[in-house]
Amino acid sequence: MKETDMLTMRGIHKEFPGVKALSNVDFTLRKGEIHALMGENGAGKSTLIKVLTGVYPLDRGDIRVEGIEGAVINHSPEEAQKNGISTVYQEVNLCPNISVAENISLARQPLTKWGAVKWKKMNRTAEAALDAVGLKIDVTKTLGDYSVAIQQMVAIARAVDVQCKVLILDEPTSSLDDQEVKKLFEVMKSLKDQGVSIIFVTHFLEQVYEVCDAITVLRNGELVGRYDVAELPRVQLVAKMLGHEYDDLAQIRSQGGESLSGEIRETILDARDLSKAGSIKPFDLEIGKGEVIGLTGLLGSGRSELARLLFCADKPDRGELSFKGESVRAHNPIDSLKRGMAFLPEDRKEEGIIGDLSVRENLIIALQARTGMFKLLPLARQNELADKFIEILSIKTASAETPVSQLSGGNQQKVILGRWLITDPDFLILDEPTRGIDVGTKAEIQKLIVRLAREGMTIMFISSEIEEMLRTVDRLCVLCDRKKVGELKNENITQHNVMAAIAGGNQ
Amino acid sequence: MSDTLSLIKSKGRALVGQRLFLPLFALFLVLIVNVIKTPAFFNISIQNGVLYGYIIDIINRSSELVILAVGMTLVIATGGIDISVGAVSALSAAVCVRLLGSSYDNYATPMVLAILAALAIGMICGAFNGLLVSKLRIQAMVATLILFTAGRGVAQLISAREIGGKMVPGQIIYVRMESFKGIGGFLPKVIVPTPVFIAAAVVLIFYLVLTRTALGLYIKTVGINSRAGRLVGINSTFIMFLGYVLCGLTASMAGVISSSRIYSSDANNIGLNMELDAILAVALGGNSMAGGKFSLAGSVIGAITIQALTTSLYAMGVTADQLPVYKAVVVVLIVSIQSEELKRWISARGGKKA
Ligand SMILES: Nc1ncnc2c1ncn2[C@@H]1O[C@H](COP(=O)(O)OP(=O)(O)OP(=O)(O)O)[C@@H](O)[C@H]1O
Ligand SMILES: [Mg+2]
Chain H
767 MKETDMLTMR
777 GIHKEFPGVK
787 ALSNVDFTLR
797 KGEIHALMGE
807 NGAGKSTLIK
817 VLTGVYPLDR
827 GDIRVEGIEG
837 AVINHSPEEA
847 QKNGISTVYQ
857 EVNLCPNISV
867 AENISLARQP
877 LTKWGAVKWK
887 KMNRTAEAAL
897 DAVGLKIDVT
907 KTLGDYSVAI
917 QQMVAIARAV
927 DVQCKVLILD
937 EPTSSLDDQE
947 VKKLFEVMKS
957 LKDQGVSIIF
967 VTHFLEQVYE
977 VCDAITVLRN
987 GELVGRYDVA
997 ELPRVQLVAK
1007 MLGHEYDDLA
1017 QIRSQGGESL
1027 SGEIRETILD
1037 ARDLSKAGSI
1047 KPFDLEIGKG
1057 EVIGLTGLLG
1067 SGRSELARLL
1077 FCADKPDRGE
1087 LSFKGESVRA
1097 HNPIDSLKRG
1107 MAFLPEDRKE
1117 EGIIGDLSVR
1127 ENLIIALQAR
1137 TGMFKLLPLA
1147 RQNELADKFI
1157 EILSIKTASA
1167 ETPVSQLSGG
1177 NQQKVILGRW
1187 LITDPDFLIL
1197 DEPTRGIDVG
1207 TKAEIQKLIV
1217 RLAREGMTIM
1227 FISSEIEEML
1237 RTVDRLCVLC
1247 DRKKVGELKN
1257 ENITQHNVMA
1267 AIAGGNQ
Chain B
1353 MSDTLSLIKS
1363 KGRALVGQRL
1373 FLPLFALFLV
1383 LIVNVIKTPA
1393 FFNISIQNGV
1403 LYGYIIDIIN
1413 RSSELVILAV
1423 GMTLVIATGG
1433 IDISVGAVSA
1443 LSAAVCVRLL
1453 GSSYDNYATP
1463 MVLAILAALA
1473 IGMICGAFNG
1483 LLVSKLRIQA
1493 MVATLILFTA
1503 GRGVAQLISA
1513 REIGGKMVPG
1523 QIIYVRMESF
1533 KGIGGFLPKV
1543 IVPTPVFIAA
1553 AVVLIFYLVL
1563 TRTALGLYIK
1573 TVGINSRAGR
1583 LVGINSTFIM
1593 FLGYVLCGLT
1603 ASMAGVISSS
1613 RIYSSDANNI
1623 GLNMELDAIL
1633 AVALGGNSMA
1643 GGKFSLAGSV
1653 IGAITIQALT
1663 TSLYAMGVTA
1673 DQLPVYKAVV
1683 VVLIVSIQSE
1693 ELKRWISARG
1703 GKKA
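Respectively, the protein sequence lines represent chains H and B. Under my numbering, the first sequence has 861 at position 95, and the numbering climbs by one with no breaks. Under my numbering, the second sequence has 1681 at position 329, and the numbering climbs by one with no breaks.
As structure tokens, this is what we get:
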């Protein structure tokens, strides 16, 4: 280990039954650097982090940490933390049913000498910790009541709050808006200045070029190489990750053929004065057949809430909703499904994947529910569909029978996206569909969305990544403070206008 | 040479990794101990025109537990639990016997109707539990505690008899007609005990319903992630409710068989402590108590294991009041073999030393 190194991992091997997740991987983290760990979905990034921090036992390999004699093997994240490694895992692993403050001080609550929790002190500490990452929320509220993005920020605040030498962030920005990302980067940079080394996993290339000093690329569980950011242009980075040349920024719209914008479309969905107290204020919305409509707004602006009302995932308090010319009375997801709607929720872990079920079962479950309990889809048909969508979405899995919980984060996301595509809906609502998905597949999915719309599917698209929306949508609804404040169409949809609209709504 | 060795090793590991390996292994252990202790253990003979032997006795006596375990498996798979099954068995038995009456000449109600009424009572009890848990969101343990305590009381009220001009509850009421004994005993000219047929039929029917419809998939989904289940269009509330109704149904079947065995309803003893054995059977079968994936076959093996344990402990001269102690020791052993946490702990220790 060199003087300048904070952490070295040499010859790391990790095998799961049937999957070589890591083979002979080397990784070096220097003191005071921000190091990007890159690779496609299922490349082994999270696994490398998990063997480092003791979530999984290591098969083989040598890990050294600065200031510690000899090889370091952590048996649990707590032990890793004692050794100075603090981690935010890809799947937020806080407790959704206790308060934010409790989550932040979990296992290290301030106690009185009688062993009782000092609530006031705990809440104040929590507020200070959140303040450091620029978040001002009620810390006494239950964590589960907040959106995924806020939960992610809380997890970050918790990790940053403890003294550490190495901070690991596994896709912390996957559902954050530009604002939060900016704040996070400030925090990261100031930690770096204090000498903390940071491992940063992300699929957003711009972010890598904005904050990182070095990049390590993994492919199929093997090390591709370690590079200085300055030496590795974007196109080459993508090529290293995929193993072949690829331009992820190629025009997507042009691929899909003629745009229908401008033509008068037949209305497929019409919402009048729809609202739900505490969730979204009354709004009107008319959507045409074959339209790709985007929803944008800051964190907590109500974009997910609006989508949930349309699918009847939540019951509206008042207002009228009609779909395909018929007034919607029954407010249950199953009824929406039967009408031809589909809804990919934002919260993959809590509302998306059904962990112990196989990839096949997770893929066909929505179609099965629509078909009815007594008409079990024949196994041959299930296998055919599963194989087809594993192929289309390039889902990396040992087999269709693998439990979905064993897939990497991005591949799980592809599975729940596939689940809804299989139902071949007329109206597809996608809330952060590309969350955690790698560059190559992300572009493929955007193309798929545009193509499906050309073929007549109506799509509602929500993403915290504005560029992604600019590339796919025909029309953009802007939300602010749980209220629909405006719309942008066609040529008016530009980064600048969107930003202005969001900001304008603020006043 | 080393190739064959590693092949055997990997084959062995594959076998050990099978879901049903541990439950079968546990059953095997119990049986082995028996064979050593009682060499005649596996002997089967025909006496008085019916099969006879330890093994037959175990399989016969485990019928009620097998049936109960099937229902319990479903409830546990949805993420719940039902501690009222023993009491519901007693209640259904009381209803059945009361309707049949104690005449030597004829049934007060045709036997089929009496049995159907008993099954209906079981399902109503299940529906009551299901309503509390799925609709009112009361904790399963608490919700089913109501019938756990009240069920037997009602069964005693039903089993009231006139003594000295007053109706006294909690009496043992006998059914005097021969044909009723056929359910818990033998049918004419059949050498296999009837309960074994009933248990086999119940297991088969449930298996078919769970695998030929999407019900099995729905139950697993609800147990694993009911919020995701709701969004993909599964009515989680209804599936949970259905689980309890089916569990009540199996409880009443077990109750009818038990009462036929003693051709009477004994509100104090029918199904006593059976809820614990049923839950244990599910656990021994390798099913997670947290819900989700389940294996009917595992639960059935678990139920037979428990009965084998009980019968063999009796055979070794353990008295009824000592029985729970021995059972507890064996159960702790079996359950800890299956514990993931223990495995991880052992491997972590091994890792530290290395
Ligand atoms: N618990 C597990 N059991 C079995 N296989 C696993 C398990 N966890 C991960 N894998 C497999 O290991 C490989 C690497 O997964 P990993 O989660 O490290 O990918 P990743 O690089 O983090 O991908 P993503 O960008 O999608 O998060 C994948 O093929 C995955 O299926
Ligand atoms: Mg990952």
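Note that CB positions come from ideal geometry on N, CA and C, so glycine has one too.
{"Query": "Near-chain H residues of the region 1569–1592 of chain B (beta-carbon distance less than 8 angstroms), N- to C-terminal order", "Result": "L1569, Y1570, K1572, T1573, I1576, N1577, R1579, A1580, G1581, R1582, L1583, V1584, G1585, I1586, N1587"}
{"Query": "CB contact check: G1644 (chain B) to chain H, cutoff 8 angstroms", "Result": "yes"}
{"Query": "For L1065 (chain H) and A1267 (chain H), the rounded distance between their alpha carbons", "Result": "15 angstroms"}
{"Query": "Alpha helix (DSSP H) runs contained entirely in the region 1379–1414 of chain B, provided each spans 4 or more residues", "Result": "1406–1413"}
{"Query": "Residue-chain proximity (A1566 (chain B), chain H), Cβ-Cβ < 8 angstroms", "Result": "yes"}
{"Query": "Own chain, CB closer than 8 angstroms to K907 (chain H), minus 5 neighbours either side, in chain order", "Result": "S865, V866"}
{"Query": "Burial state of R1095 (chain H), where buried means 16 or more other Cβ atoms lie within 10 Å", "Result": "exposed"}
{"Query": "Any chain B beta carbon closer than 8 angstroms to L1151 (chain H)", "Result": "no"}
{"Query": "P1462 (chain B) to L1452 (chain B) span [Cα, whole Å]", "Result": "7 angstroms"}
{"Query": "Residues near Q875 (chain H) in its chain [Cβ-Cβ closer than 7 angstroms; skip 5 each side]", "Result": "V883, M888"}
{"Query": "Spatially closest choice to T1033 (chain H) from H:L1051, H:L1040, H:G1044, by CA coordinates", "Result": "H:L1051"}
{"Query": "Alpha carbon of L1008 (chain H) to alpha carbon of G805 (chain H), nearest angstrom", "Result": "8 angstroms"}
{"Query": "Residues of its chain near S1160 (chain H), where Cβ-Cβ distance is below 7 angstroms and the 5 sequence neighbours each way are ignored", "Result": "T1207"}
{"Query": "Integer-rounded CB distance, given that E1167 (chain H) should sit under 8 angstroms from S1124 (chain H)", "Result": "5 angstroms"}
{"Query": "Local Cβ density within 10 Å of N1386 (chain B), reported as buried at 16 or more and exposed below that", "Result": "buried"}
{"Query": "Min CB distance M1226 (chain H) to chain B below 8 angstroms", "Result": "no"}
{"Query": "Chain B contact residues for F1109 (chain H), given Cβ-Cβ distances below 7 angstroms", "Result": "L1583"}
{"Query": "Segment limits, alpha helix (DSSP H) that includes I1498 (chain B)", "Result": "1492–1510"}
{"Query": "L818 (chain H): CB within 7 angstroms of a non-hydrogen atom of ligand 1", "Result": "no"}
{"Query": "Cβ-based neighbour list, I1591 (chain B), same chain, cut-off 7 angstroms, excluding 5 preceding and 5 following", "Result": "T1430, Y1570, I1571, V1574"}
{"Query": "beta-carbon G1175 (chain H) near ligand 2 non-hydrogen atom, thresh 7 angstroms", "Result": "yes"}
{"Query": "Cβ contact (3+ pairs, closer than 8 angstroms) linking the region 1231–1240 of chain H and the region 841–854 of chain H", "Result": "no"}
{"Query": "Three-state secondary structure assigned by DSSP to E1057 (chain H)", "Result": "coil"}
{"Query": "Below-8 angstroms beta-carbon distance, Q1179 (chain H) vs any chain B residue", "Result": "no"}
{"Query": "Anticipated Cβ contact below 8 angstroms, H801 (chain H) with F951 (chain H), distance rounded", "Result": "So it is not a contact: roughly 14 angstroms between Cβ atoms."}
{"Query": "Distance cut-off 7 angstroms: Q918 (chain H) Cβ against heavy atoms of ligand 2", "Result": "no"}
{"Query": "First through last residue of the alpha helix (DSSP H) which encompasses E976 (chain H)", "Result": "971–977"}
{"Query": "Option in B:G1517, B:A1470, B:V1427, B:I1433 with minimal Cα separation from S1610 (chain B)", "Result": "B:A1470"}
{"Query": "Collapsed DSSP secondary structure at F752 (chain H) in the structure displayed", "Result": "In the structure as shown, chain H begins at 767 and stops at 1273. Residue 752 (chain H) is therefore absent and cannot be evaluated."}
{"Query": "Extent of the continuous alpha helix (DSSP H) to which F1549 (chain B) belongs", "Result": "1546–1564"}
{"Query": "Meets three-Cβ-pair contact criterion under 8 angstroms: the region 788–796 of chain H and the region 810–821 of chain H", "Result": "yes"}
{"Query": "Contact list for the region 1131–1142 of chain H against chain B, Cβ threshold 7 angstroms", "Result": "I1131, A1132, Q1134, A1135, R1136, M1139, F1140, L1142"}
{"Query": "For G1536 (chain B), the first and last residue of its enclosing beta strand (DSSP E)", "Result": "No beta strand (DSSP E) contains G1536 (chain B), which is instead part of the alpha helix (DSSP H) from 1533–1536."}
{"Query": "Test item: CB-CB of M1226 (chain H) and L1003 (chain H) under 8 angstroms", "Result": "no"}
{"Query": "Near ligand 1: G991 (chain H) beta-carbon under 7 angstroms from a heavy atom", "Result": "no"}
{"Query": "Reduced DSSP secondary structure (H/G/I, E/B, other) of I916 (chain H)", "Result": "helix"}
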